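Below is one structure, written out as structure tokens, with a few remarks after it.
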Amino acid sequence: MRLSQFPLSTLKETPNDAEIVSHQLMLRAGLIRRLASGLYTWMPLGLRVLKKVEAIVREEMNSAGGVELLMPTIQPTELWQESGRLEQYGPELLRLSDRHERPFCYGPTHEEVITDLARREIKSYKQLPVNFYQIQLKFRDEIRPRFGVMRAREFVMKDAYSFHLDADSLQNTYEAMYRAYSNIFTRLGLRFRAVHADTGSIGGNASHEFHVLADSGEDAIAFCPDSDYAANVELAECLAPSAERPTATAAMEKTATPQAKTIEDLCQQFDLTASQTIKTLIVEASEECDADFVALLLRGDHELNDIKAEKHPWIKAPLSFAEEKAIRKVVGAGPGSLGPINLPLPVIGDRAVASLGGFATGANEDGFHWFGAHWERDVDLPELADLRNIQAGDPSPDGAGHIEIVRGIEVGHIFQLGTKYSESMGATVLDENGKDSVMTMGCYGIGVTRVIAAAIEQNHDNKGIVWPDNIAPFKLAIVPLNQNKSERVRDYAEELYRQCQSKGIDVVLDDRDARPGVKFADIELVGIPHRIVVGDRGLDNGALEYKGRGDADSRDIPLDQLDELLQSLV
RNA sequence: CGGAGUAUAGCUCAGCUUGGUAGAGCGCUGCCUUCGGGAGGCAGAGGUCGCAGGUUCGAAUCCUGCUACUCCGACCA
């Protein structure tokens, strides 16, 4: 490709509606343009990246036994009624109707369509297992699209659906998909991690999310460097501390703490550490609980995990905190002075608070705290539960070491679905005995367009994108300098360009009539991994200048060693 | 949907408080100069100031309503 013939549209300044780097760089490098909220046009340059990602996904899916098909984006709403998901999906489902007023929706996912297909096409266990996949646009009318293509409303997704006679077969395909996903993200050149995920409302017995590791990631992942344990922080279980509770010595002491409204204040003013304190949060109780509110106890340095809390039968879901007025009415003191001692409410303690001894906590009297309190001597040990977020340094739930936390972007998710859809939609086959048997399903998604944003989040510097080789829009840029004046430079660059093309190198020639600074800046912004500069200065020395996008400096390549370099780029 | 904010040239923004015929930088077009890190000069093109009402002799500016977009929360590939 010649850049003089390619509509490259780079931006020097950062558009102000882009918040995260990947979005900014995708706009600046001219990969995408926004049409409306959550809707993006893939520009020629961006499309090259998209096609490369798709190709890798396709190859790995095929070699893992997947079969590609293509389902419509528009689906009849009837199918969603059948599966029972119409209400569940709610306003995120974009509904439309045709000229006959028949209800349709723009597919946010394709379980219904594929299950409908399967029940028509698959009659015998001999046709199983199969794993259909497609690479198709989806539309989800997200409440809040953001971060460009990272959370768009319309996006490209690779979705696969497998059908099986039994759970063992599903397990095999599931494992094959796990491996395929690992291969895909490896080939894409990304640092990623597969993590245990909640099977949640979809049910089934296994689910993994694949996360690209990046500081800007929306999810926090807890993993153990000494084992293969990795889970979303929201789900990672916090084990009860193994340490013995210290024995009581001095009696507890009521202390005036008028200036201490927070744990932080308290620690500063009274020389305590947060892990010696207990904080008390008041939340609304569920109907199952006979009080209006429930008190939750957490160690001062721990954070409440909403999801875990909501799972407790006494606590109302979704979680909601009591208002100060209500707290004062029930307890007689405001937040900042609350504690479990003489608290007229049901209490749930996080596991970690149970092993504290001599702790500080609010006295349920404004401006006072108890110091040196002990369980059982001063107050009964409450009901215990896992209520907090796991933290770096906590023991791994699998007992193999200590947890570290990284941030990640969810780019893939694999599920063992079971019979949720096949059951409700009547997708059955005849088994060996000639009996109807409900097929068991798995489903496997990759956010293809999101992968691209994630790749940029993970690979960029202050000059722009630093693409991994395999998904760069071009692999090599040839940059002739002063080509208009120097015939020698022009001829050499043209010759080199031809040579690269004949070797099958994915090359772009920057034959634009632009100044060197402009060319360098564009090539770097766009993130082309390899660059060869052809200039008079180099040719005088019988050399070309090579620079990898991630390299600090360029280096001269003597003309007679050029072939070697080109060979490595094929 | 709740909360916060923005809307003026292709992009980044000034002008609005205190109403008086619309500005800059970058980008774009032409010419000259320059040619190893987003150069310099000259000349240009480009805006119903988001939309609709209102106040006023006069509205980008003040008032009301609407719309779009962005950010924070729940959702997700």
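Numbering (the working numbering), first residue to last: 46 to 615. Using N, Cα and C, we set each Cβ at its ideal position, and we do this for glycine too. If you're wondering where the values come from, they're calculated on a predicted model, not measured in any experiment.
(request) Answer with buried or exposed for GLU685, where buried requires no fewer than 16 other C-beta atoms within 10 angstroms of its C-beta. (result) Since the first and last residues shown for the chain are 46 and 615, residue 685 lies out of range.
(message) Using CA atoms only, rank isn't needed, just tell me which of GLY587, LEU432, PRO561 and SER469 is closest to ASP124.
(response) In the sequence as presented, Asp is not what sits at residue 124; that position holds Leu. The shortest Cα separation from LEU124 among GLY587, LEU432, PRO561 and SER469 belongs to SER469.
(request) Measure from the alpha carbon of LEU131 to the alpha carbon of each residue in LEU429, GLU157 and SER382, then state which is nearest. (result) GLU157
(message) For GLY453 and ALA259, I'd like the C-alpha separation in whole angstroms.
(response) Distance between the alpha carbons of GLY453 and ALA259: 5 Å.
(request) Take the Cβ of ARG543 as the centre, count every other Cβ of all protein chains shown within 10 Å, and call the residue buried at 16 or more, exposed below. (result) exposed
(request) If I'm right that LEU388 touches VAL376 with Cβ under 8 Å, what's the distance once you round it to whole angstroms? (result) 7 Å
(message) Just to confirm my understanding: we take ASP567, look at its own chain, exclude 5 residues before and 5 after, and list those with CB closer than 7 Å. What are they?
(response) Correct list, in chain order: LEU53 and THR55.
(message) Beta-carbon within less than 8 Å of PRO603's beta-carbon, same chain only, minus the 5 sequence neighbours each way: which residues are those?
(response) GLY587 and ALA588
(request) Taking the CB atoms as reference points, tell me whether GLU177 and TYR206 lie closer together than 8 Å. (result) At residue 177 the sequence reads Phe, which differs from the Glu that was named. Yes. Within cutoff.
(request) Give the straight-line distance between the Cα atoms of LYS171 and GLU477, rounded to the nearest whole angstrom. (result) Roughly 9 Å separates the two Cα atoms.
(request) Return the first residue and the last residue of the beta strand (DSSP E) that ILE602 is part of. (result) Segment 600-603, the beta strand (DSSP E) holding ILE602.
(message) What residue range does the beta strand (DSSP E) around MET106 cover?
(response) Premise fails: MET106 lies in the alpha helix (DSSP H), 89-108, not in any beta strand (DSSP E).
(message) Does TRP359 come out as helix, strand or coil in the three-state DSSP assignment?
(response) coil
(request) Out of HIS68, GLY83, ARG93 and ILE65, point me to the one whose CA is closest to PHE519's CA. (result) ARG93
(request) Go ahead and label ALA445 buried or exposed: buried means 16 or more other beta carbons lie within 10 angstroms of its beta carbon, across all protein chains shown. (result) exposed
(message) As an exercise, report each continuous beta strand (DSSP E) stretch of at least 3 residues that is fully enclosed by the segment 472-517, in chain order.
(response) 473-475, 481-483 and 485-492
(request) Compute the Euclidean distance between the alpha carbons of ALA631 and GLU348, then round it to the nearest angstrom. (result) One cannot answer for residue 631 here, as it falls past the ends of the chain, which runs 46 to 615.
(message) Checking 8 Å against the spacing of the C-beta atoms, do GLY509 and GLY593 come in under that value?
(response) no
(message) Less than 8 Å between the beta carbons of ASP186 and THR154, yes or no?
(response) No, they are not a contact pair.
(request) Would you mind stating whether ALA499 and VAL456 have Cβ atoms separated by less than 8 Å? (result) In this structure, the beta-carbon distance from ALA499 to VAL456 falls below 8 Å.
(request) Quick one: measure Cβ to Cβ for ASP601 and GLU609, integer angstroms, because I've assumed they're closer than 8 Å. (result) Wrong, their Cβ atoms sit about 14 Å apart, outside the cutoff.
(message) Whole angstroms are fine: how far does the CA of ASP596 sit from the CA of LEU72?
(response) 24 Å
(request) Rank ARG47, GLU64 and LEU70 by C-alpha distance to the C-alpha of LYS57 and give the top, closest one. (result) LEU70
(message) What residue range does the beta strand (DSSP E) around ASP264 cover?
(response) 264-268
(request) Report yes or no: do three or more beta-carbon pairs, one from the segment 222-241 and one from the segment 270-277, lie closer than 8 Å? (result) yes
(request) Could you give the DSSP three-state label for VAL158: helix, strand or coil? (result) DSSP places VAL158 in helix when its eight states are reduced to three.
(message) Going by C-alpha to C-alpha distance, which of ILE372, ILE180 and LYS299 sits closest to LEU114?
(response) ILE180
(request) To the nearest angstrom, report how far apart GLN546 and LEU554 are at their CA atoms. (result) 10 Å
(request) Assign LYS97 to buried or exposed, taking buried as 16 or more other Cβ atoms, counted over all protein chains shown, within 10 Å of its Cβ. (result) buried
(request) Kindly provide the ranges of any alpha helix (DSSP H) runs that are 4 or more residues long and lie completely inside the segment 315-359, ordered along the chain. (result) 351-356
(request) Would you check if there are 3 or more beta carbon pairs closer than 8 Å linking the segment 281-294 to the segment 395-415? (result) yes
(message) Which same chain residues end up closer than 6 Å to GLU127 when comparing Cβ atoms and leaving out the 5 residues on each side of it in sequence?
(response) For GLU127, where only same-chain residues beyond five positions count, the Cβ hits under 6 Å are MET470.
(message) Please return the same chain residues whose Cβ sits closer than 6 Å to the Cβ of LEU450, not counting the five positions on each side in sequence.
(response) As written in the sequence, residue 450 is Ile, which differs from the Leu given in the question. Excluding sequence neighbours, ILE450 sits near ALA265, ALA267 and ALA437.
(request) Using the Cα positions of GLY549 and LEU611, report the straight-line distance between them to the nearest angstrom. (result) 10 Å
(request) Determine the contact status of PHE404 and ILE327, defining contact as a CB-CB distance below 8 Å. (result) No. Outside cutoff.
(message) Counting beta carbon pairs with one atom in the segment 417-425 and one in the segment 297-315, are three or more of them shorter than 8 Å?
(response) With a cut-off of 8 Å, the segment 417-425 and the segment 297-315 count as touching, because enough Cβ pairs lie within range.
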